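*Asks:* First, the structure itself, so that you have it in front of you.
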Amino acid sequence: MDRIPIKPNTTVLVLNSSYEPIHLTNWKRAIILLLKQKAQILSDRVIRLLSYVKIPLSKILSHSPSRSLIYQRDGHKCQYCGSTRDLTIDHVMPKSKGGGNTWDNLVAACHTCNTKKGDKLLEHTGMKLAKKPKAPYSKMQFMLTNTNISEWAEYAF
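FYI, in the numbering used here the residues of the sequence shown are 39 to 195.
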């Protein structure tokens, strides 16, 4: 049986035994799972666990946004003017007015628009969002949908 080696210094997609994507891990951890015979190799960037691991729905749905995920969700464009330069993160509802660090309240904004909006509510600025910010169903599915790694993209649903 030919084995495809895991590429060193890469991130590896871990699938549940049911082929659902559940985690990204480093290449060393992937090799350990393979050596312990807890996983099988599907390609040089994908492994599959041999035993099913139950993931609670609350864990799948609860995830905090990161700067890079907000940029990725918003297509690396300012959600006010469409610029792709000098991007920052803006709180639609300012923190000083009770806005939190949530998917629904964070958007990519260029430095100019972020400064213009400042600490004001959107309706007081005359500015409009290109699209309403929202959380993806799951962080893993979001990452797979927006990946440029073809081996991973086929596991997005």
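All residues carry an ideal CB built from backbone N, CA and C; glycine is no exception.
Treat the numbers as computed from the prediction; the structure is a model and nothing was measured.
1) Excluding the 5 residues preceding and the 5 following Pro132 in the sequence, name in chain order all residues of the same chain whose CB lies nearer than 6 Å to its CB.
2) So does the segment 180-191 actually touch the segment 63-74, counting three or more Cβ pairs closer than 8 Å?
3) Alpha carbons only, please: which of Ala194, Thr153, Arg105 and Asn186 is nearest the one belonging to Met165?
4) Closer than 6 Å: is that where the CB of Gly138 sits relative to any heavy atom of the ligand NAP?
5) What is the rounded straight-line gap between the Cα of Trp65 and the Cα of Pro46?
6) Go through its chain and collect everything with a Cβ distance to Gly113's Cβ below 7 Å, but skip five positions before and after it.
7) Output yes or no for whether 7 Å exceeds the beta carbon distance between Thr49 and Leu62.
8) If we count Cβ pairs, one from each stretch, closer than 8 Å, do we get three or more for the segment 77-86 versus the segment 111-125?
9) Using the Cβ count rule (16 or more neighbours within 10 Å means buried), how would you classify Met39?
10) What's the C-alpha gap between Leu53 and Ile60?
11) Identify every run of the alpha helix (DSSP H) within the segment 89-172, keeping only runs that are complete inside it and at least 4 residues long; order them along the chain.
*Replies:* Judging by the given coordinates:
1) Asp157
2) no
3) Thr153
4) For the ligand NAP, the structure offers nothing, since it holds no ligand at all.
5) 6 Å
6) none
7) yes
8) no
9) The predicted position of Met39 is uncertain, since its pLDDT is 45 and thus under 50; a value taken from the coordinates is nonetheless stated next. Exposed.
10) 6 Å
11) 95-99, 105-111 and 149-155
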